[in-house]
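Asker: Got a structure for you, questions after.
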Amino acid sequence: MSLASLAPLVDAAAVGDPQEGVPLALYLAVSGGLFLLGLLGVLTRRNPLLLFLAVELLLNSANLALVGFSRYWNVTDGHVFALVVMVVAAAEVVIGLGLVVAVFRQRLALDVDQMSSMKG
Amino acid sequence: MISVLAWLVLGLPLLGCVILSLWPGEPDRRITRVIGVGFPAAAFVLTAIIFVTLLGRDAEDRLEIATLWNWVQSDGLSIDLALQIDPLSVLMMLVVTGVGSLIVLYSTEYMEHDRDYRRFFAEMGFFLFAMLLLVEAANFFFLIVGWGLVGLASYLLIGYYYDRPSAVAAAKKAFVVNVIGDIGMVIAAFILVRELGTLDYGEVFATAPEGLGAETGVATAVALLLFVGAAAKSAQIPLHTWLPDAMEGPTPVSALIHAATMVTAGVYMIVRCNVLYELAPYAGDLVAIVGAATLLMAATIALVQVDIKRVLAWSTVSQIGYMIMGAGLGAYDSSMFHFLTHAFFKALLFLAVGIAIHALAGEQSLDRMGGLRRHLRLTHAAVLVGCLSIAGIPPFSGFFSKDEILATALDAGTLGTVLAIVGLVGAGLTAFYMFRLFFRAFWGPEPEGGYAHAPHNPGMAMSAPVAVLAVLAAVGGLLQIPGVWHPLKDWLEPTLLADPGLEATTGGELIVSIVSVALAIVAIGLAYWIFVADPERRLRLAGAATGTRALLTDQYRFDEVYEEALIQPGRDLGDTLTNGVERYGVQGTMEGVVRGVIDTGRGLRVVQSGLVRGYVFAMVAGVVAVGVIFSLVMR
Amino acid sequence: MPWISALVLLPLLGALSMLAVPAGPGGAVQARIHAILAAGGTLVLMAIVVGMFDRDVAGLQFIDHVDWAQEAGLSWDVGVDGISLWLLALTAVMFALAIMAACWRLPERPRAFLAMLLLAEAGLMGLFAAGDLVLFYVFWEAMLIPFYFLIGMWGGEGRARATTRFVIYTMVGSLLMLVSIVATAFVAQDITGNLTFSIRELSGVAFTDTQSTWIFAGFALAFAIKLPLWPFHGWLPDAYRLAPILVTGLLAAVMSKAGVYGFLRIGLPVFPEGADRFAIPIGILAVIGIAYGSLLAWRAPTMRLLVAYSSLAHLGFIILGIVAFDVQATQGAVLQMVNHGIVVAAAFAIVAVINRTAPDDRIDGIGGLADGAPRLAGVFLIVSMASLAIPGSNSFAGEFLILTGVFRQHAWLAVLACAGIVYAAVYMLRLYQSAMNGPRRGGMASKAELRVRDLAVLLPLIAAMLFIALWPKAIVGATTASIERAVAPAQVAADRPEDQIRATVEADPPPEALPLPGDPVPETTTTTPAEPTP
Amino acid sequence: MSSLNVVASTPLLITAGAATAAFTAGLLPGRTTRRHGPALVGIAGIVAAMVMSVVLWDDRLEAFGGGLRADRFSALMNLIFLSAALLTILLAWREPAAVDRRGEYVGLILVSATGMMLVAGAGDLITIFLGIEVLSVSLYVLCALEVWREKSLESGLKYLITGAVGAAVLLYGLTLLFGATGSTSLSAIGDQLRGTAFTDEPLVIAAMALIAAGLAFKASAAPFHMWTPDVYEGAPTTVTAFMSTATKAAAFAAFLRIFSGVMPDLQADWSIAIGAIAVASIAVGNIAALVQTNMKRMLAYSSVAQAGYLLIGVAVGSIRGAEATLFYLLAYGAMTMAAFAIVIIREREVEDGDTLGALDGYGRARPVLGAVMTVAMLSLAGFPPLSGFIGKFLLFGSALEADMAWLAVAGAVGSMISLGYYLRVVTVMWAPGPEGGPRKILPVPGPVGLATLASGLGVIAISLMASPLLDACRGAAQSLLAP
């Protein structure tokens, strides 16, 4: 999935109402960038807290896209969706932090790479 | 009536066998004797009644089919469990039950000292049943069944002394060689079924000229395949090697099975199938050539054998060679005539020699015999009758029958002439080796150190059969005297549907008679000169021609060649397959596939590193892969 | 009365009834009673079915049909025809004998053992009775489970590997068969418009050559492994070697017939074109198997392996008879299935007897038993001779019919196969002679002499051998109508001359018109558009 | 659009209410109350929800403005989730994590089930995402519930991290789908995608790829399966059992809802990719399971493979395929639950109860449990006439009917490989075992035994009652695919 394939949408945005402001394509570009950044973060970070941060990036990149699409289609569904996602993201992070605390209390290293007692 | 009698003749020996086998515990020897001899004797009596009955009928009326039930019916092929009573089978039945009864009678005394008394008579009964089935069968299928079952009986009796490894090996060899023969016959039967759709003698012989055609490949194939069976059963080259080894069996067995009856089954079969052989003249010629080659080969081997029974065994091979040669050339009635006289004199020889062996507590080597005539006078006389008969000295039976084959051969074109000459040479050799046996065993000096126990004369049970056979061997030849009468030929006439009508000319008869008798007398004289006149001469001559002698002693090394060329490679192949193909191919492929899968699994374990970021990476890669697939599928 | 269902369900019931049997010595007696009642009852039912069987009907008789899951086309559909009749009878007899033998001398954990035997019987009965592809597959697989346990729990050293091999190898083929079964139904649905797994309705569907070939290949692999056909016999030596010998006997006597039966019941009638395409290759493999099995039997170190490989060779003859597409050869093959079942069961029974005195089973380790065990010698001799198909034996009757038929179609295959008869003589005599003859080499003859319980198993088998040897028509005659019809489509596909094709090839009546058990067979002709006859 | 229509959501509401009640009951004073109260409340709630699901069977209702549907599909799926939850609660009767924190345990299980029911009944992209997150988040906690155990924590954390990424991928896919169609309502999206106009729309393609990947993660299909063995091993075994049955069912509910239900016309586009995921899962799951010695890991890989089989029914996209998948889900639930039940029982008895070695000779000591395990393994391996066979039979059939024979062949080959490990369990179970029998045996607590037997009998019952169950599955599939 490359950005180039978004060309039709870019065109659609370009010929759209100039009052629309920021074209959809830019929303999507930023959103995609955030998503990749999030993925990169998940792949490179070893501290669970930073991992959760990266996950937040992933979810919020989707939020951005949702909002962008919502504006593009001029509907509110996307906004609702984005709100739901925020709640969910918060819940996830809460659980994550709880786990981190539990890990800490077990005097285990806060390093996901060391959490590999199970494998194979 | 004849149907019932025919089945009774067949069933009585089997019944005896079954009774003896199932008798609880070890039956009393007297009971064994009564059953063992009584049932075959009864069969002989019934056969005689059949014979007389048939004799009272017109020649055309002498055919009777006794069907018990339809054995199988499948896709047009119908096989009846049926017997065919006609002059040829009655002749065979007479010999089988007659000589058979005499020999079991003889055995009652001969086997006296053996533990497994009952088993012997049970197996003899089984043999008689199988042999009778062979000769009485009304179709090729039951011919083959009888053929196979006599092989089994022969196997059992050769291996009678089952704790003796040589006997066990000989039995196995006989069996396997005979199975090879069976297969020839079976394939011939396949062809008959395919071409003619039937296996009944009557229908086959009636339709064969049309169905197979004369001088066609199919007819030749049938004839040759049948001959494979005959060669195996009748010990013709190259399937002859089992017969000398078969002498491991008790002597009465050798007399009955491996001399008088079973081994001549091949001759019977060729005569029975005369129609087929007349359709395939080349096959007939080949049969005759094989017969001639066999007779010459066997005769030469017999010259040097030391084991007295082996000499007789090779002489049997040689004599059957005559019969096969005659049958191959189309002299069917002559062949049967020689079969008849041979049954008498060869049974006689075996039984008489058996007396000597029995008297010497199982000794069979000529080297440890000599001067027996002083101990066993009557036996000596009997052996002399047998030797004169086989050597073809008139008026003993062998003279008439052998000369008839040779004389008829002269009438059968160039090939016949050549073969007749071979036969004459063989006749000379025969006279020499038989009298070598006779002189070395019964004349000459006693072996060094004399006999441990003085050879004892046999009782009535052994003497009587020998006496009867001696008389038959002496006068049996008178049954058919060229130019005077030929009742045997007339008797067989209805069954020889395609008799080519070879006729021994008087001139031929004369030439053959004179030459053969002259050769025989010279050979006997030579034997006397070497073995009796000066016993030392034998030892002096033994040094000459060692190579040839060794070759002959080794029986032309057929066994060795077979071992090297067929059996050992077979074993090696079996081992190679076991250790190679089976282990690495069949099992190995399976294991290899399994191992490959398991190794892949191990590899996957390594990939499953426990590192969560690796898992995420796999997911990302998966997303990309799925995306690629989607974009590829996308039109 | 649903005779055939009863045949299948009675052993199953017997197996389930073992659950109600208490453990301990009292339970052992009760378990025996249950097992004997179930197996004996099945035998009696079987005898009644044989008695009532109508030899002139080509199709299935005594059909019991109950829908199971119609949506998926599944149903309980059993019946019997001339082909399955004798296999059912063989199963009933063999299992009755096996259970009798097992009851005589119970193994450890008798309830489970007897229950597994009965389950295996139910599975095989169901397999031979199934008139529906899915049901056939169900029983095909289901019978593996009891055999798996019988080998895995009561087998010898190294049995785990043997069982896994046995089951995996067998299932490798059968899962492809499952795909083939499903494919058959759907392809047929495309052609005829109705979804069915009934073998009766499927035979006669005009599959294209390609469809027929591919689907047949899927079936053939499963059957070939089950047979086993060379070179798919990798599971055989271990399974035969390590199973309890009673189970080995059953594997060889009964289970090995499943593959052949599959070819005959499904392969030929439903996929004649595919069968035609594979006939010669399978025939060649069969001939190789005959030679190969014989050679390996000749050199086998142990008695069981020898009999196991001989079984490979014998099954080669049988499958050769099937792929000849000749009525006579096929009849011979069916006869030979029965024969082989009887003979190989007897052979393993004898090996079991000899193993009493020579537990390591090595052929070199024994010798000269005939001296102290004359009964054994006599019975063994008869069995050996039957096994090597000496003329006059029951096996010879079968092999003769097979080979005559094969010779009519492919003379060269028959001639090559004949060589196997020589080998058979060599290896069987090796077994017989080294055990019974020669000098005593070990083993106490008195221990190996047949006792009453051995005779109780062997004498019925020998009686059956003699009966068939004397009157094979009793067996062959009942198969004629069914086999003529089963082979006809393949004969048509193989362009055999008209005079060899003895049955008209036509589709079965649609399910509504199926005769109820006992009804006269209606003369209705097909309504399905399928008509493969050119 | 604006009607709430609570009736359609009653099962879900009852479950959620029961969850709350369970949480509360867990906080009540009194040891016995704390221990048994939540379980009883939970069970009562589950039974009530099941009754409501059955009552709603014949209706087609919508609630929350179309966000939630009550149709046969959701009813059937609800029954699966609720049964799994019920069995899990019973199996966890003596599970350490559950005993001390019964309220949390039961409550979380029910919340998770509520999430699953949301997924199954989803009429809207938001509901799907919300459902998946609800079920996941509670599972993250459940996995790590034994906080004193390092493995449990590791399992929770691993599941959380991978789960979050998976959810994000799914979310992005849903977002793109929304972006391409302008609506989050499934029926509206379905209307938009009717016809083939969108087949070359990159946004839709990307959406499908991401959604497939995200759901494949939840279904533990390769190559998105890698969390499965670790999480399954580390989590409390009852939770593992629940995950492997209910969560997988939820993932397939989403698969069927979105792919078969919303974009049937694009089947040609997505079937290959989903088929590829199926083949990969069958291959990887079966091959990797061969070399496992830990029962939970082995069952984890087995569940990967089973996901592959289940995906066959999704990939073909037909009613028959959906029907087969649903039926197989039923069978799969029963047999997996039965297998885990034995592991759960064994874990109480010996330290290394989750290893294959612990089962050595177990069948001889415990014939009934041995029989249950045997039936489960044979059914998983696809032996007829057990329910696993019928399921596979239907799945292969649907593939062949759809001219995707390669899927059936892959399934068959995979099944062959699977015999290697399923049968090994059976062999080990019935092996003579160590001298003197298995090391230690404890009496099985009643509820655990009940659940074990119920699962084992379920495997058999599903095959015996194949006909009515297939009717139900077909009804559910029709309500999904042929509105």
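Residue numbers (the working numbering), protein chains in the order written: chain A, 1 to 120; chain B, 1 to 635; chain C, 1 to 534; chain D, 1 to 483. The beta carbon of each residue, even a glycine, is placed where N, CA and C say it ideally should be. Please read all numbers here as calculations on a predicted model, not as lab measurements.
1) For the segment 393–404 of chain D, list every residue whose C-beta sits within 8 Å of some C-beta in chain C, in sequence order.
2) Could you check which residue in B:Leu22, B:Ile31, B:Leu83 and B:Leu143 has the C-alpha nearest to that of Ile2 (chain B)?
3) I'd like the list of long-range same chain contacts for Val138 (chain C), defined as Cβ closer than 7 Å, with 5 residues on each side in sequence excluded.
4) Considering Cα atoms alone, identify which of C:Asp238, C:Leu9, C:Gln491 and C:Gly82 is closest to Gly156 (chain C).
5) Less than 8 Å between CB atoms is the rule here; does Val620 (chain B) satisfy it with respect to chain A?
6) Nearest chain D C-beta to Ile462 (chain C) closer than 8 Å, yes or no?
7) Please tell me whether Ala341 (chain D) and Ile277 (chain D) are closer than 8 Å, where the distance is taken between their beta carbons.
8) When DSSP labels each residue in this structure, what does His314 (chain C) get in the three-state scheme?
9) For Leu45 (chain C) versus Leu19 (chain C), is the C-beta distance shorter than 8 Å?
10) May I ask you to report which of helix, strand or coil DSSP gives Asp561 (chain C)?
11) In three-state terms, what does DSSP make of Gln608 (chain B)?
12) Of all Cβ atoms in chain B, is any one closer than 8 Å to the Cβ of Ser116 (chain A)?
13) Between the beta-carbon of Phe152 (chain C) and the beta-carbon of Phe223 (chain C), is there less than 8 Å?
14) Please compile the residues from chain A whose C-beta is within a distance smaller than 7 Å of the C-beta of Leu611 (chain B).
15) With 16 other CB atoms within 10 Å as the buried threshold, where does His233 (chain C) fall?
16) Can you tell me which of the three DSSP states Arg105 (chain A) falls into?
17) Could you confirm whether any beta carbon from chain B is found closer than 8 Å to the beta carbon of Trp68 (chain C)?
18) Assign Ile33 (chain C) to one of two classes, buried (16 or more other C-beta atoms within 10 Å of its C-beta) or exposed (fewer than that).
19) In this structure, what does DSSP give as the bridge partners for Ile462 (chain D)?
20) For Val616 (chain B), which residues in chain F fall below 7 Å Cβ to Cβ?
21) Given a threshold of 16 other Cβ atoms within 10 Å of its Cβ, counted over all protein chains shown, does Asp132 (chain C) qualify as buried or as exposed?
22) Check whether the segment 412–429 of chain D and the segment 375–395 of chain D are in contact - that is, three or more C-beta pairs closer than 8 Å.
23) To the nearest angstrom, how far is it from the Cα of Gly610 (chain B) to the Cα of Gly234 (chain D)?
24) For chain C, is any of its Cβ atoms less than 8 Å away from the one on Pro434 (chain D)?
25) At what residues does the beta strand (DSSP E) containing Glu62 (chain D) begin and finish?
26) Counting only Cβ-Cβ distances shorter than 8 Å, please list the residues of the segment 210–240 of chain B near chain C, keeping chain order.
27) Please list, in chain order, all residues of the same chain as Ala486 (chain C) whose beta carbon is under 7 Å from its beta carbon, the five residues on each side excluded.
28) How would you list, in chain order, the residues of chain D whose beta-carbon sits under 7 Å from the beta-carbon of Gly601 (chain B)?
29) Under three-state DSSP, which class holds Ile366 (chain C)?
30) Write down the C-beta distance between Ala168 (chain D) and Leu58 (chain A) rounded to the nearest angstrom, noting that I regard them as a contact closer than 8 Å.
31) Give me the residue from B:Tyr162, B:Val263 and B:Asp58 with the minimum Cα distance to Val135 (chain B).
32) From Ala621 (chain B) to Leu36 (chain A), what does the alpha carbon distance come to, in whole angstroms?
33) To the nearest angstrom, how far is the alpha carbon of Gly166 (chain D) from that of Leu215 (chain D)?
34) Taking only beta-carbon atoms, is Gly627 (chain B) less than 8 Å away from chain D?
35) Under 8 Å, CB to CB, which of the residues in the segment 223–252 of chain D have a partner in chain A?
36) Does DSSP put Val291 (chain D) in a helix, in a strand, or in coil?
Answerer: To lay it out plainly:
1) Residues are counted here when their Cβ sits less than 8 Å from a Cβ of chain C; for the segment 393–404 of chain D these are Phe393, Leu394, Phe396, Gly397, Leu400 and Glu401, given in chain order.
2) By one-based count along the second sequence, residue 2 (chain B) stands at place 2. Selected option, being the one with the closest Cα: B:Leu83.
3) On the third sequence, residue 138 (chain C) is found 138 positions in, with the first residue counted as 1. The answer is none, since no qualifying residue turns up.
4) Position 156 of the third sequence, counting from 1, holds the residue named residue 156 (chain C). Nearest of C:Asp238, C:Leu9, C:Gln491 and C:Gly82 to Gly156 (chain C), Cα basis: C:Asp238.
5) Reading the second sequence from its first residue, position 620 is the one you call residue 620 (chain B). Yes, because at least one Cβ of chain A sits closer than 8 Å to the Cβ of Val620 (chain B).
6) One-based indexing of the third sequence puts residue 462 (chain C) at position 462. Judged by the 8 Å Cβ criterion, Ile462 (chain C) is not in contact with chain D.
7) As a position in the fourth sequence, residue 341 (chain D) is number 341, starting the count at 1. As a position in the fourth sequence, residue 277 (chain D) is number 277, starting the count at 1. Not in contact: Ala341 (chain D) and Ile277 (chain D) (Cβ atoms no closer than 8 Å).
8) Within the third sequence, the letter at position 314 stands for residue 314 (chain C). Reduced to three states, the DSSP call for His314 (chain C) is helix.
9) Here residue 45 (chain C) corresponds to residue number 45 of the third sequence, with the count starting at 1. Here residue 19 (chain C) corresponds to residue number 19 of the third sequence, with the count starting at 1. For Leu45 (chain C) and Leu19 (chain C), no; Cβs fall outside 8 Å.
10) Past the edges of chain C, shown from 1 to 534, lies residue 561 (chain C), and the structure says nothing about it.
11) For the purposes of this step, residue 608 (chain B) is taken as the residue at position 608 of the second sequence. Three-state DSSP puts Gln608 (chain B) in coil, outside helix and strand.
12) Position 116 of the first sequence, counted from the first residue, corresponds to residue 116 (chain A). Ser116 (chain A) counts as touching chain B.
13) For the purposes of this step, residue 152 (chain C) is identified with residue 152 of the third sequence, where counting begins at 1. For the purposes of this step, residue 223 (chain C) is identified with residue 223 of the third sequence, where counting begins at 1. A small fix is needed here, since residue 152 (chain C) is Gly in this sequence, not Phe. Taking 8 Å as the Cβ cut-off, Gly152 (chain C) and Phe223 (chain C) do not qualify as a contacting pair.
14) Numbered from 1 along the second sequence, position 611 holds the residue referred to as residue 611 (chain B). The CB of Leu611 (chain B) comes closer than 7 Å to the CB of Asp113 and Ser116 in chain A, given here in chain order.
15) Position 233 of the third sequence, counted from the start, is the residue given in the question as residue 233 (chain C). His233 (chain C) is buried by the Cβ-count criterion.
16) For the purposes of this step, residue 105 (chain A) is taken as residue 105 along the first sequence, with counting starting at 1. Annotated three-state conformation of Arg105 (chain A) is helix, per DSSP.
17) Locating residue 68 (chain C) in the third sequence gives position 68, where the first residue counts as 1. No, because no Cβ of chain B sits closer than 8 Å to the Cβ of Trp68 (chain C).
18) Here residue 33 (chain C) refers to the residue found at position 33 when the third sequence is read from its first residue. Its Cβ having fewer than 16 others within 10 Å, Ile33 (chain C) is exposed.
19) On the fourth sequence, residue 462 (chain D) is found 462 positions in, with the first residue counted as 1. Answer by DSSP bridge pairing: none, since Ile462 (chain D) is not bridged.
20) Absent here is chain F; the protein component of the structure consists of chains A, B, C and D.
21) The residue you call residue 132 (chain C) lines up with position 132 of the third sequence. Classification of Asp132 (chain C): buried, given that the 10 Å Cβ count is 16 or more.
22) yes
23) If you number the second sequence from 1, residue 610 (chain B) lands on position 610. If you number the fourth sequence from 1, residue 234 (chain D) lands on position 234. The straight-line gap from Cα to Cα measures roughly 12 Å.
24) The sequence position of residue 434 (chain D) within the fourth sequence is 434, counting from 1. Answer no: the Cβ-Cβ gap between Pro434 (chain D) and chain C never drops below 8 Å.
25) As a first step, residue 62 (chain D) must be located in the fourth sequence, where it is residue number 62. According to the DSSP assignment, Glu62 (chain D) belongs to the beta strand (DSSP E) that extends over Leu61 to Ala63.
26) none
27) The residue you call residue 486 (chain C) lines up with position 486 of the third sequence. Contacts found: Ile83, Leu264, Leu268 and Pro269.
28) Here residue 601 (chain B) refers to the residue found at position 601 when the second sequence is read from its first residue. The contacting residues are Ile287, Ala288, Leu290 and Val291.
29) Stepping through the third sequence from its first residue, residue 366 (chain C) is reached at position 366. In this structure, Ile366 (chain C) counts as coil in the three-state DSSP scheme.
30) Residue 168 (chain D) sits at position 168 when you count from the first residue of the fourth sequence. Residue 58 (chain A) sits at position 58 when you count from the first residue of the first sequence. Correct: roughly 4 Å between the Cβ atoms.
31) Here residue 135 (chain B) corresponds to residue number 135 of the second sequence, with the count starting at 1. For the residues B:Tyr162, B:Val263 and B:Asp58, the minimum Cα distance to Val135 (chain B) belongs to B:Val263.
32) Within the second sequence, the letter at position 621 stands for residue 621 (chain B). Within the first sequence, the letter at position 36 stands for residue 36 (chain A). Spanning the two alpha carbons is a distance of roughly 13 Å.
33) Taking the first residue of the fourth sequence as position 1, residue 166 (chain D) is located at position 166. Taking the first residue of the fourth sequence as position 1, residue 215 (chain D) is located at position 215. Near 8 Å, if we compare the C-alpha coordinates of Leu215 (chain D) and Gly166 (chain D).
34) Within the second sequence, residue 627 (chain B) is the residue found at index 627, counting from 1. Taking Cβ atoms only, chain D reaches closer than 8 Å to Gly627 (chain B), which makes this a yes.
35) Pro229, Asp230, Glu233 and Gly234
36) Counting from 1 along the fourth sequence, the entry for residue 291 (chain D) is found at position 291. Val291 (chain D): coil per DSSP, three-state reduction.
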